[in-house]
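S.K.: Chains as they are written, first to last, in the working numbering: chain A, 48 to 293; chain B, 48 to 293; chain C, 48 to 293.
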Amino acid sequence: MDEALFNSCSMPEFIGAEVCDTIGLVIANIDPELRRRMDIPERFGAVGLIGSRTGAGAQIQACDEAVKSTPAEIVSIEIPRDTKGWGGHGNFIIMGSENVADVRRAVEIALDKIHEYAGEIYISEAGHMEFQYSARGGEAVNKAFGVGVGEPFGFVCASPAPIGFVIADTALKSAGTELVKVLRPSSGTSHSNEVIIVITGEASAVKTAVMTARESGMKLLRALGSEQHIGFPPRLRLEAATRTGL
Amino acid sequence: MDEALFNSCSMPEFIGAEVCDTIGLVIANIDPELRRRMDIPERFGAVGLIGSRTGAGAQIQACDEAVKSTPAEIVSIEIPRDTKGWGGHGNFIIMGSENVADVRRAVEIALDKIHEYAGEIYISEAGHMEFQYSARGGEAVNKAFGVGVGEPFGFVCASPAPIGFVIADTALKSAGTELVKVLRPSSGTSHSNEVIIVITGEASAVKTAVMTARESGMKLLRALGSEQHIGFPPRLRLEAATRTGL
Amino acid sequence: MDEALFNSCSMPEFIGAEVCDTIGLVIANIDPELRRRMDIPERFGAVGLIGSRTGAGAQIQACDEAVKSTPAEIVSIEIPRDTKGWGGHGNFIIMGSENVADVRRAVEIALDKIHEYAGEIYISEAGHMEFQYSARGGEAVNKAFGVGVGEPFGFVCASPAPIGFVIADTALKSAGTELVKVLRPSSGTSHSNEVIIVITGEASAVKTAVMTARESGMKLLRALGSEQHIGFPPRLRLEAATRTGL
Numbered sequence: 048m049d050e051a052l053f054n055s056c057s058m059p060e061f062i063g064a065e066v067c068d069t070i071g072l073v074i075a076n077i078d079p080e081l082r083r084r085m086d087i088p089e090r091f092g093a094v095g096l097i098g099s100r101t102g103a104g105a106q107i108q109a110c111d112e113a114v115k116s117t118p119a120e121i122v123s124i125e126i127p128r129d130t131k132g133w134g135g136h137g138n139f140i141i142m143g144s145e146n147v148a149d150v151r152r153a154v155e156i157a158l159d160k161i162h163e164y165a166g167e168i169y170i171s172e173a174g175h176m177e178f179q180y181s182a183r184g185g186e187a188v189n190k191a192f193g194v195g196v197g198e199p200f201g202f203v204c205a206s207p208a209p210i211g212f213v214i215a216d217t218a219l220k221s222a223g224t225e226l227v228k229v230l231r232p233s234s235g236t237s238h239s240n241e242v243i244i245v246i247t248g249e250a251s252a253v254k255t256a257v258m259t260a261r262e263s264g265m266k267l268l269r270a271l272g273s274e275q276h277i278g279f280p281p282r283l284r285l286e287a288a289t290r291t292g293l
Numbered sequence: 048m049d050e051a052l053f054n055s056c057s058m059p060e061f062i063g064a065e066v067c068d069t070i071g072l073v074i075a076n077i078d079p080e081l082r083r084r085m086d087i088p089e090r091f092g093a094v095g096l097i098g099s100r101t102g103a104g105a106q107i108q109a110c111d112e113a114v115k116s117t118p119a120e121i122v123s124i125e126i127p128r129d130t131k132g133w134g135g136h137g138n139f140i141i142m143g144s145e146n147v148a149d150v151r152r153a154v155e156i157a158l159d160k161i162h163e164y165a166g167e168i169y170i171s172e173a174g175h176m177e178f179q180y181s182a183r184g185g186e187a188v189n190k191a192f193g194v195g196v197g198e199p200f201g202f203v204c205a206s207p208a209p210i211g212f213v214i215a216d217t218a219l220k221s222a223g224t225e226l227v228k229v230l231r232p233s234s235g236t237s238h239s240n241e242v243i244i245v246i247t248g249e250a251s252a253v254k255t256a257v258m259t260a261r262e263s264g265m266k267l268l269r270a271l272g273s274e275q276h277i278g279f280p281p282r283l284r285l286e287a288a289t290r291t292g293l
Numbered sequence: 048m049d050e051a052l053f054n055s056c057s058m059p060e061f062i063g064a065e066v067c068d069t070i071g072l073v074i075a076n077i078d079p080e081l082r083r084r085m086d087i088p089e090r091f092g093a094v095g096l097i098g099s100r101t102g103a104g105a106q107i108q109a110c111d112e113a114v115k116s117t118p119a120e121i122v123s124i125e126i127p128r129d130t131k132g133w134g135g136h137g138n139f140i141i142m143g144s145e146n147v148a149d150v151r152r153a154v155e156i157a158l159d160k161i162h163e164y165a166g167e168i169y170i171s172e173a174g175h176m177e178f179q180y181s182a183r184g185g186e187a188v189n190k191a192f193g194v195g196v197g198e199p200f201g202f203v204c205a206s207p208a209p210i211g212f213v214i215a216d217t218a219l220k221s222a223g224t225e226l227v228k229v230l231r232p233s234s235g236t237s238h239s240n241e242v243i244i245v246i247t248g249e250a251s252a253v254k255t256a257v258m259t260a261r262e263s264g265m266k267l268l269r270a271l272g273s274e275q276h277i278g279f280p281p282r283l284r285l286e287a288a289t290r291t292g293l
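(1) Taking the continuous beta strand (DSSP E) assigned at Leu271 of chain C, which residues delimit it?
(2) Within the same chain, show all residues whose beta-carbon is closer than 6 Å to that of Cys67 of chain C, passing over the 5 residues directly before and after it, in chain order.
(3) Where does Arg231 of chain A sit, in a helix, a strand or coil, going by DSSP?
(4) Scan the region 143 to 219 of chain B and note each continuous beta strand (DSSP E) run of 3 residues or more that stays entirely inside, going in chain order.
(5) Starting from Glu112 of chain B and walking both ways along the alpha helix (DSSP H), at which residues does that stretch end?
(6) Taking Lys266 of chain C as the query, report the chain A residues whose CB atoms sit under 7 Å from its CB, ordered along the chain.
(7) In chain order, what residues of the region 98 to 120 of chain C put their CB closer than 8 Å to some CB of chain B?
(8) By the 7 Å beta-carbon criterion, what residues does the region 211 to 241 of chain A contribute toward chain B?
(9) Anything in the region 128 to 148 of chain C with a Cβ closer than 9 Å to a Cβ of chain A? List those residues in chain order, please.
(10) Looking only at its own chain, which residues have a Cβ that is under 8 Å from the Cβ of Asn138 of chain A, when we skip the five neighbours before and after it?
(11) Would you say Glu80 of chain C reaches chain B, if we count a Cβ-Cβ gap shorter than 9 Å as a contact?
(12) Would you kindly work out how many angstroms separate the C-alpha atoms of Ala187 of chain B and Cys110 of chain B, rounded to a whole number?
(13) Can you give me, in chain order, the residues of the region 178 to 193 of chain B that have a beta carbon less than 8 Å from any beta carbon in chain C?
(14) To which residues does DSSP link Asn138 of chain C through a beta bridge?
(15) Can you check which of these residues, A:Ile140, A:Gly132, A:Tyr180 and A:Gly135, is closest to Ala119 of chain A by C-alpha distance?
(16) Pick from B:Ile62, B:Pro207 and B:Ser181: whose alpha carbon is nearest that of Glu163 of chain B?
(17) Report yes or no: is there a C-beta of chain C within less than 9 Å of the C-beta of Gly272 of chain B?
(18) With DSSP run on the structure shown, which of helix, strand or coil describes Glu80 of chain C?
(19) With DSSP as the reference, label Ser123 of chain B as helix, strand or coil.
(20) Am I right that Ile246 of chain B and Val253 of chain B are in contact with their C-beta atoms under 8 Å? What's the rounded C-beta distance?
(21) Where Arg84 of chain B and Ala215 of chain A are concerned, what is the direct C-alpha to C-alpha distance, given to the nearest angstrom?
(22) What number of angstroms, rounded off, separates the C-alpha of Leu293 of chain C from the C-alpha of Glu262 of chain C?
(23) Just curious, the beta strand (DSSP E) that Glu65 of chain B is in, first and last residue?
(24) Can you tell me whether Gly197 of chain C is buried or exposed? The criterion is at least 16 other CB atoms within 10 Å of its CB, across all chains shown.
(25) What is the DSSP secondary structure of Gly264 of chain B, reduced to helix, strand or coil?
(26) Which bits of chain B does Ala208 of chain A rub up against, with CB to CB less than 9 Å?
(27) Establish whether the CB of Leu293 of chain C and some CB of chain A are separated by less than 9 Å.
(28) Pairing CB atoms from the region 87 to 95 of chain C with CB atoms from the region 71 to 78 of chain C, are three or more of them under 8 Å?
(29) Beta-carbon of Asp68 of chain A versus every beta-carbon of chain C: anything under 9 Å?
(30) Would DSSP call Ala75 of chain C helix, strand or coil?
(31) Using C-beta distances below 6 Å, list every residue in its chain close to Ala113 of chain A, excluding the 5 sequence neighbours before and after it, in chain order.
(32) Classify Thr130 of chain A as helix, strand or coil using the three-state DSSP reduction.
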């Protein structure tokens, strides 16, 4: 592994690379036929791309912040079946803006924020979990999960699926939350081995629900025989230090 | 790896963990909104969950026995695209019963039986195979594969798909079997790299067909350059001892 | 690893095994019920199977040559979600012919050609890419991708998806190409983490476009922190020597 290779590239499209194999790119003048086939509206003179092999909520949250802080908008959010051999998703997010400076700034912000949100992705040898919370979900969260813009957003996800189901139940038994969406292997996911819920409600209740689910998930995933880790750089996933004291 | 972590958990929902990263859980009083969204009928006061990263037939057979021996019933069976980087499926099975004691017993029985049925999952570096046979398939087998309740059930599965196709042909050329279902990458599977057949017929004929297919599959999978293994604990998959003398 | 195991098998159906876990098989007299369920026309007395865990374009190109050189025809092409833990596809291709000698020859030719086409599959720790070009696509390319028989064919594929999108744009900005198809995680793929384009046009323009895309892709994939490799035998994927001087 040549460290000098990482996060450096002579291509003008390249903005940066981050944990979870997240890459950030821009295209100033997209080919017109490609634009048409990818359903990118004409008003977006430039597009920004965020995508990774691992994570979905984290990159969506990071892009949520990016479009809150810039004139860029979300064009599309896709969640392929990925996670590099684990049971979940990767992501592919297209943002657009009239000029390239705005969307470049949006991609930079998203890359900057991914470290923080990816800290709530936990991977063990047996499975994985992801948790997200925002007091006010924005355009990306709305587009991906149907939470009202400006509303609190909670995301609880675990694999294998039975763990996801039990911690979804734990979260929903917390007072003051409302279920927006359930995703399961046969519907809503890309055939991933997860149960995922998206919740809203009173902000502090949503946060408590997500944290309660996380605590239960830690115990259950650990019962499959290996410790989960967080905040992994792309090539050190399972060797990363365990976070303690949640 | 801390062995003490494995198969022990303070959560009341936790029943046990087994080979193939199989976990068994119960929920005594499921959240009403989650119940509605997951299509769990009201008559089931409690649900039991079995799911794993690897295997489908094995866990379905184990749950088949569980609902034969208890008042619990099968609510749903899902087969995510998983197998921890291999070309097949994991599974997520929900059982339900009026009271929690019954469904807990069902989960315990299923966990108890998984070792036996997972013994017919074979994984090599190149691909995998799974074989199942029952003289009298029950509710789970019926729900998952459309075999009549009480009828003989045979399951022949291999990845990569061409091997699955050839051993399906081998099985069906055995006298006295009847083809119930074919699953392939583009239909019936979650885009897995498998051909799977489900057969019925005269019990001894079905058993012979499955065993004949297994013998052919062993030879073909081995031709891809690595030995297959069985009965793997979740973290020792490829290091497990080879079973000989099939 | 016992080298003697590899590419040798006593089954009459076995023709050979190749890189990317590609296996080539024939069935002389397919079971009639299996034939019906797999939609294999009666006029094909024998079927030949090519499939692998990794690659799609490579095996399709190899089968394209096989059916150009023999009376065998393409019956079906499926692309499961696979690549052994990477973000892409495997493949499962059925060819048919009136007599077994013709389809056996087709499988032999395909196996023979896979080494060459698989040389344009690049895999790093972070992602992968595949490139294909033919001056005159045949029946397999037509069936899989909708390129007119006899027309130039270019194939540009990368994972994670944002890299695929940028190099698709690069390819299409080359003069003289025409976009036939775009595949992305939510449409056209089996939920893979890729953007793939299929192009046609003037032959030398298509070739230049694919090579330009490849050059960009190399730079972008490398920016995720690991070097890509090629021409990998099935068990040595990431240890293979790097090809230089593209």
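A virtual CB, placed ideally from N, CA and C, is assigned to each residue, including glycine. Being a predicted model, the structure only gives us computed values, none of them experimental.
M.R.: The short version:
(1) Where Leu271 of chain C is concerned, there is no enclosing beta strand (DSSP E), given that its DSSP letter is neither H nor E.
(2) Ser99, Thr101, Gly102 and Ala165
(3) strand
(4) 168 to 170, 175 to 181 and 200 to 206
(5) Gly104 to Ser116
(6) Cys56, Ser57 and Met58
(7) Gly98, Ser99 and Arg100
(8) Phe212, Val213, Ala215, Asp216, Leu219, Lys220, Leu226, Val229, Arg231, Pro232, Ser233, His238, Ser239 and Asn240
(9) Arg128, Lys131, Gly132, Trp133 and Gly134
(10) Ile97, Gly98, Ser99, Gly102, Ala103, Gln106, Ile107, Ile124, Glu125, Ile126 and Pro127
(11) yes
(12) 6 Å
(13) none
(14) C:Ser99
(15) A:Ile140
(16) B:Ser181
(17) yes
(18) helix
(19) strand
(20) 6 Å
(21) 12 Å
(22) Because the pLDDT at Leu293 of chain C is just 25, under 50, the model does not fix this residue reliably, and the value given afterwards should be weighed accordingly. Between Leu293 of chain C and Glu262 of chain C, the C-alpha separation is close to 8 Å.
(23) Phe61 to Glu65
(24) exposed
(25) helix
(26) Leu96, Gly98, Glu125, Pro127, Gly137, Asn138 and Phe139
(27) Note that Leu293 of chain C has pLDDT 25, beneath the 50 cutoff, so the model's placement of it is unreliable and the number below is only indicative. No, no contact with chain A.
(28) yes
(29) yes
(30) coil
(31) Ala153, Ile156 and Ala157
(32) coil
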